[in-house]
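Beneath this line is the structure, given in structure tokens, with notes to follow.
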Amino acid sequence: MRTYSVRHSTRYEYELPVMHAHHLTHLRPRALENQLVHASSVQVSPKPRSHSQRRDYFGNECDSVEVMETHDVLDVTCTSIVSVKDYPLASLAPQDSPTWEEVRRLLRTDDRYLSEREFCFDSPLVRVHRLLQEYAAPIFAAGRSLVGSVTELNKRIFDDFEYDPVATDISTPLGQVMRERRGVCQDFAHVAIGCLRSLGLAARYVSGYLETIPPPGEKRLVGADASHAWASVYIPDVGWFDFDPTNALLPKSRHITAAWGRDFSDVCPLKGVVVGGGGHILSVGVDVEPRDSWEELLAASGRVVAKV
């Protein structure tokens, strides 16, 4: 198990004063079977009139804030201490998973999987497209295991698409990403999800963080200084199988899960509605640092150390 301190800072600098603002964040890491969240806090400046924490429809931790003070700069910072061990299915062998056709059949016909079935359908940013179907078809051959097919899809997206942080934004259509073969982790996760849904499989979008400093002898992972995204496919009676097409690997202890949903629109790190403001400049910074001990880290921050 590896322990990290995570700091995600967001700054909006507005062209004109903002008189009233509501914001929703998905910044805090989730507590999972392989992930312990020892501490997490969200700080907002100017000080909000109201600030509440809750879980959304997908069980993600989110903060809702209302700022009434007139401001031309908004700062939102989430700091967390989290320990992560390898994802439960990271070592699942292809021969130990059902065929992708059997998974599709179960999702279509077995009502035990109603909650997972909703991830088979189109979502606001991921809609089934002819290019996605054609891209996935050669990989998902008849009778092939789901894990084997997804692992190849993971590698193929990594090989075929170029990481280019200026090629796309959140409004870029998925069809354009498929034609130009360029984008960022958000786009590559959407491509993978679209391919799987085009085959009738359940796939979800996962947002989170990557370790900033790699272990000795390992290369730095792409996207480590920003929030990261990957995808996950459902295997009935087994669970969700995560994979990272940006880096052609299966998440283990260096991926920190923050939230999941149908696509990016469900788990946007920070979104809201403002009165005033005009144009704005957005700055985002993410620092993920490995730590030797979460107890020492909590003590150094002045928090009460309590076993989780």
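Just so you know, this note's numbering puts 143 at position 142 of the sequence shown, and the rest follows in order with no gaps.
Just so you know, even glycine gets a beta-carbon here, dropped at the ideal spot from N, CA and C.
Quantities reported herein were computed from a predicted structural model and do not represent experimental measurements.
Does the distance from the C-beta atom of residue i to that of residue j stay below 7 Å?
i: valine 275; j: valine 19; result: yes
i: serine 1; j: arginine 263; result: Absent from the model: residue 1. The displayed extent of the chain is 2 to 309, so no value can be given.
i: serine 208; j: valine 287; result: no
i: aspartate 161; j: arginine 182; result: yes
i: proline 95; j: phenylalanine 159; result: no
i: alanine 232; j: alanine 193; result: yes
i: leucine 147; j: serine 199; result: no
i: alanine 137; j: isoleucine 82; result: no
i: threonine 4; j: arginine 255; result: no
i: glycine 273; j: histidine 24; result: yes
i: leucine 133; j: glycine 195; result: yes
i: serine 42; j: threonine 80; result: yes
i: histidine 72; j: proline 49; result: no
i: glycine 144; j: threonine 173; result: no
With H, G and I counted as helix, E and B as strand and the rest as coil, what does DSSP make of residue i?
i: isoleucine 257; result: strand
i: lysine 156; result: helix
i: methionine 179; result: helix
i: alanine 307; result: Below a pLDDT of 50, predicted positions are generally treated as unreliable, and alanine 307, at 33, falls in that range; the measurement from the model is reported next regardless. Note: alanine 307 maps to coil in three-state DSSP.
i: isoleucine 140; result: coil
i: cysteine 186; result: helix
i: serine 199; result: helix
i: serine 41; result: strand
i: histidine 72; result: strand
i: glycine 286; result: strand
i: aspartate 238; result: coil
i: proline 232; result: This sequence places alanine at residue 232; proline is not what is there. Three-state result, alanine 232: strand.
i: tyrosine 88; result: coil
i: asparagine 150; result: The identity of residue 150 in the sequence shown is serine, whereas the question assumes asparagine. In the structure shown, serine 150 sits in a helix (DSSP, three-state: H, G or I).
i: cysteine 121; result: helix
i: histidine 191; result: helix
i: threonine 4; result: strand
Given this structure, state the Cα-to-Cα distance separating residue i from residue j, to the nearest angstrom.
i: methionine 179; j: tryptophan 241; result: 25 Å
i: glutamate 70; j: threonine 78; result: 18 Å
i: valine 7; j: serine 116; result: 31 Å
i: isoleucine 236; j: arginine 106; result: 12 Å
i: leucine 75; j: leucine 211; result: 25 Å
i: cysteine 63; j: arginine 157; result: 34 Å
i: valine 127; j: arginine 118; result: 15 Å
i: aspartate 238; j: histidine 27; result: 28 Å
i: glutamate 154; j: histidine 9; result: Before going further, note that residue 154 is leucine rather than glutamate in the sequence given. So the alpha carbons of these two residues sit roughly 30 Å apart.
i: glutamate 135; j: methionine 2; result: 40 Å
i: tyrosine 15; j: glutamine 44; result: 19 Å
i: lysine 308; j: glutamate 103; result: The predicted position of lysine 308 is uncertain, since its pLDDT is 30 and thus under 50; no value can be drawn from it.
i: valine 68; j: glutamine 177; result: 37 Å
i: valine 306; j: serine 51; result: Low confidence applies to valine 306: its pLDDT is 35, below 50, so where it sits in the model is not reliable, and the reading given next is rough at best. Looking at the two C-alpha atoms, the distance is approximately 28 Å.
i: aspartate 188; j: threonine 110; result: 31 Å
Assuming residue i and residue j form a contact by the criterion Cβ under 8 Å, report the distance between their Cβ atoms to the nearest whole angstrom.
i: phenylalanine 244; j: valine 129; result: Wrong, their Cβ atoms sit about 20 Å apart, outside the cutoff.
i: arginine 205; j: phenylalanine 120; result: 5 Å
i: leucine 108; j: glycine 201; result: 7 Å
Compare the C-beta of residue i with all C-beta atoms of chain B and state if any pair is closer than 7 Å.
i: glycine 60; result: In the displayed structure, chain B is absent; only one protein chain is listed.
Under the criterion of a Cβ to heavy atom distance below 6 Å, does residue i qualify as lining the ligand SAH?
i: threonine 247; result: Summarising the ligand content, the structure contains no ligands, and the ligand SAH is consequently not present.
When you compare the segment 246 to 256 with the segment 268 to 287, are there three or more beta-carbon pairs, one atom per stretch, that lie closer than 8 Å? no
Check whether the segment 162 to 180 touches the segment 252 to 261, taking contact to mean three or more Cβ pairs, one atom from each stretch, closer than 8 Å. no
Should the segment 87 to 106 be called in touch with the segment 33 to 40, which here means at least 3 C-beta pairs below 8 Å? yes
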